[in-house]
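Protein chains in written order, with this note's numbering: chain F, 1 to 423; chain V, 424 to 846; chain A, 847 to 1269.
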């Protein structure tokens, strides 16, 4: 249970807000790279942290992310012509390059006085890991490119999707760092989903519904360990790293690819749930890719032509209470999303009752608020440096007297190109 | 015409409002009994007086009406699993019984300290007359079960339906106690509807469009008498009882079953229009039941799978101005609802002009406000005792010097299992 | 760029607002005449300047435009029965004539005291030029009927349509007085549209994208001249008259009919775009009429049964970026509307950057504010007198030392029944 003030502080990310300030310190996923498939393709509407923007790829392949509206009379540049290294407003032909600089203002001709002064708000972009990332903060504070592992493996080892979630980012992210719900909500899917089934760890998950949570700080964020009883007098640890602002990595299951998420605020009532499968060492198989594209695992099927899940709140997520699924909703992603959206657009956290298995959530909230205040005061912020982002989830059996803090470091801080430590 | 303040006081029924306090003193219809057809069936979303709730019937058949949201992290219990005498949140398995008591909190095991302290808001329910009723007020003030006649006749003598009305409850209820509009709006239906036609009273209704209204207090509410000229130098009286908070009973027509309504606020801009036909003495015939189920009389046809009328404001109520219907809208229920919804979600009563035929409406408003204030001050409130609810509508011809107050008592306060007094 | 205060003052037109006061000084188009095709036809909902109204044509053909809601209990008179010289509310039979006077109040009989006192707000109407106009201002200030040319030519010389625009009126009107965008947005349509193509002026339009704007006051409003280079060392002038409050006339192209618009606020976020083609001297040809009815030129095709364009914001205006159209949107009207709606329901003019080609817009805003303040102070207001409205658009080539102010008067202030001065 937190105060209404803290809940507001944590969930509002628009320009000028406390948490909005923190989000603007990091590279954020903005679009799938294939949404801008080639030079001079159609521009795309992007809304991030409450700001309406337009993304485009210019004739040279350079990426631009600009204020949505033309500086002249406010027309949406979504209607713009993407041609000859710039986006041209179709109303009077004003044209902008990827930095937002006006490069043509036809009514005053080539050397007019006004053109040079016109510059739209623009944010730098980079393409990495199949994703176009943007940085919306002060230019002088721009960090190095994302070093998170999934974005840096060879393309064949990764699959990235995104879906619209009709809720604030925080309740989505809180689901991502809460591995205790797996024993209930996903209990049926653990046994049947092609990207989840067949792990010894799943058996432990289903058997022990009273995990102990232990949360460990690290420079990038938190390592959230969930401990369950295993066989032979040992503990089964699942370690979920959370890297600021909103990266999470799901602990592995047997030889399956790892799963990861990033939760990115669109506005205070919507977010993008980015969902990634990757394997640090091997290419994904055709069968795995087919399952991911087909909406299995942490991915979904869509309303055609959109990133809106086919199962959504307008159709009660196609719930079928007679199915084997615990909640009647099919698919791991929509099992989570359906419940998170049901909390309301912004969950009222003044009415919640947290328990010890929510320890990761409580720590993460505190860390977010602390980091946001630090950022506001010009102090250091966690998770900005590449080395702080190099972390991986891990599932491990350990003797009862060995804590994951010391004894899972080889799995959590593993070198690239190595197999996950998994059960 | 009333003040904006009085209009607000009369129409707002959320928690903490004046009128909300009054509504919370009575048993209110919450669902049709068949919406929860059997033990462990799917839970149902219910919104009453602005409060989001979940109704369920447990393994023993007991009824529960709880706060919609799990106490843990705010998930809607509409997604709950109804099993083994409780509703289980699918996120982390917290489980509640029909009183809202948490009976299982898996992460802390059987004897944890927290479980016992977790109790959701819950409202007592009872099943009576094909309806699940609830009481949302202070437990110590809970009244005896509803004694209104239609809820207490044998099942074969009753048909109950409900429909969504997209307006505040008050303008719906005011239609229910206003029998003067029958001569206009329902003039065609009086002649053709199988549940209305063939009464001598209908002829009086159509012939005399200048009824005199006389309103008489009784302990349950008001008896609203509408007097029209009959044959043989007599008066034709139609007596509509209004029982607090929002029960109305339509005066009978020849041998047809009686009609009754309850208007129950969902929130300030929507209400349930409960519509009941019943006969105090005989079973309804197959033909009558078929007509009721087919949307005749005071019932409607629905958008499949909902309680939304097929004729609704999004399709202009399928108006056909060339039909015989006075307004072009078909069916008595939707003739009323279309006009009441057209007033706006909450009618602006500062602009109305009441006339003597609105005397019942004016009295009822005053009585509602008086009762609400009395309730607030801990004083007695009308309509709470069973004997105050035992009243019936009546249609009667009387000599001009006999007033219905004294001379229709045998019809209005009739013993159960007797035929209505009707014309 | 204007202040937020001026933007609000210019764009709000509800009752009691500054600009609302100005609009209420003029005759405004309310409906197409054929929306009320004959006596006693169905009434029509009309919303103007934020006021909900009902229009009807009585048994004698007289036009009424009344407050939407019955004075009795607030029912929408859209459900009214239009019969025997009045609109009768179907709830209790109250009936109103075209002046809003209650002419029947059945419950009190023929000579009751109340009926005479009941009078709904009503606005005078007149039918002219295929349009039903209304005047919503103080009765004592009612001006003479509209003298704008298109409304006064013989019917065969005119075609009138209207479409819903989902934006404030001002950004729509500002498009209408801005002939500089033609060189961009409509560049393809100029060459192919049957109602635009084939004019020498079009060539000048496409060749010279740096027009000089010169704005001249006249008693009805402004004459906005756009000057482009022509052949033979001459200038090509296009002169767009703007007559208060929101009449515009498009400069002619060769022998095509003239085009005109009126932009009428429905509420602050919607307006009617009235679109008229007319020829002062000859009847429109069958081919021209077919093109207009087919949505060519400044007209559109509709969602059937509505005045909503088939291309609208819910379907991204059926944009096809591979088409020859400059913005990918088809049709001159929707090319304009798509961009104007994309600015948001009310454009934020504090963020715009006007240039010299926006001189007409800047002058018109100032004139609107000045006129509105004059009206508020009881001073004279431009555009009220018939002679102030008798103006026509003109396209003309002039020697460089001849200004349109003096040398296009024969085209701009032409006598009726004469050919336009055109290029």
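All C-beta atoms in this analysis are idealised placements derived from N, C-alpha and C, irrespective of residue type, glycine included.
Asked, Found
"Check whether chain A comes within 8 Å of residue 386 of chain F, counting only Cβ atoms and requiring the distance to be less than that.", "no"
"Along the chain, which unbroken stretches of the beta strand (DSSP E) at least 3 residues long are found entirely within the segment 218-296 of chain F?", "221-229, 234-243, 247-250, 258-267, 270-278"
"With respect to 7 Å, is the separation between the Cβ of residue 977 of chain A and the closest non-hydrogen atom of the ligand ATP below this value?", "Among the components of this structure there are no ligands whatsoever, and the ligand ATP is therefore not found."
"Going along the chain, which unbroken runs of the beta strand (DSSP E) with 3 or more residues stay wholly within the segment 138-197 of chain F?", "158-165"
"Check the Cβ-Cβ distances between residue 502 of chain V and every residue of chain F, and say whether any is below 8 Å.", "yes"
"Determine which residues of the segment 774-786 of chain V have a Cβ less than 9 Å from any Cβ of chain A, and write them out in chain order.", "774, 775, 776, 777, 778, 779, 780, 781, 784"
"Where does residue 809 of chain V fall in DSSP's three states?", "helix"
"Per DSSP, residue 1245 of chain A is paired with what?", "A/1080"
"Does the beta carbon of residue 196 of chain F sit closer than 8 Å to a beta carbon anywhere in chain V?", "no"
"According to DSSP, is residue 745 of chain V part of a helix, a strand, or is it coil?", "coil"
"List the endpoints of the continuous alpha helix (DSSP H) containing residue 409 of chain F.", "409-412"
"Residues in the same chain with beta-carbon distance under 7 Å from residue 616 of chain V, minus the five sequence neighbours each way, listed in chain order, please.", "719, 720, 755"
"Using DSSP with H/G/I as helix, E/B as strand and the rest coil, what is residue 308 of chain F?", "coil"
"Does any C-beta atom of chain A lie closer than 8 Å to the C-beta of residue 122 of chain F?", "no"
"I need the straight-line Cα distance from residue 3 of chain F to residue 564 of chain V, nearest angstrom please.", "33 Å"
"Taking only beta-carbon atoms, is residue 519 of chain V less than 8 Å away from chain F?", "no"
"If you run the structure through DSSP and keep just helix, strand and coil, what is residue 64 of chain F?", "strand"
"Span of the alpha helix (DSSP H) holding residue 362 of chain F?", "359-376"
"Got a sec, what are the start and stop residues for the alpha helix (DSSP H) residue 623 of chain V sits in?", "623-630"
"Strictly below 7 Å CB to CB, what residues from chain V border residue 955 of chain A?", "633"
"Among F/395, F/368, F/143, whose alpha-carbon lies nearest the alpha-carbon of residue 421 of chain F?", "F/395"
"Identify each residue in the segment 292-316 of chain F for which the Cβ-Cβ distance to at least one residue of chain V is less than 9 Å, and report them in chain order.", "316"
"To the nearest angstrom, report how far apart residue 21 of chain F and residue 127 of chain F are at their CA atoms.", "23 Å"
"Listing by chain order, which chain A residues have their CB less than 8 Å from the CB of residue 76 of chain F?", "1185, 1188, 1189"
"Between the segment 799-812 of chain V and the segment 613-632 of chain V, do at least 3 Cβ pairs fall closer than 8 Å?", "no"
"According to DSSP, simplified to helix, strand and coil, what is residue 39 of chain F?", "coil"
"So, does the CB of residue 148 of chain F fall closer than 8 Å to a CB anywhere in chain A?", "no"
"CB residue 938 of chain A to CB residue 603 of chain V, shorter than 8 Å?", "yes"
"Which residues does DSSP pair with residue 499 of chain V in a beta bridge?", "V/492"
"Using only CA atoms, which one of V/470, V/744, V/435, V/505 lies nearest to residue 479 of chain V?", "V/505"
"Which residues, in chain order, does the segment 168-180 of chain F contribute to contact with chain A at a C-beta distance below 9 Å?", "none"
"Should the segment 33-52 of chain F be regarded as contacting the segment 266-286 of chain F, the criterion being three or more beta carbon pairs within less than 8 Å?", "yes"
"Could you check whether the Cβ of residue 1036 of chain A sits closer than 8 Å to any Cβ belonging to chain F?", "no"
"In chain V, which residues lie with their C-beta within 7 Å of the C-beta of residue 185 of chain F?", "513, 514"
"Pick out whichever of A/1218, A/1049, A/979 has its Cα sitting closest to the Cα of residue 1033 of chain A.", "A/1049"
"Report the neighbours of residue 348 of chain F on chain V: residues whose CB is nearer than 7 Å to its CB, in chain order.", "497"
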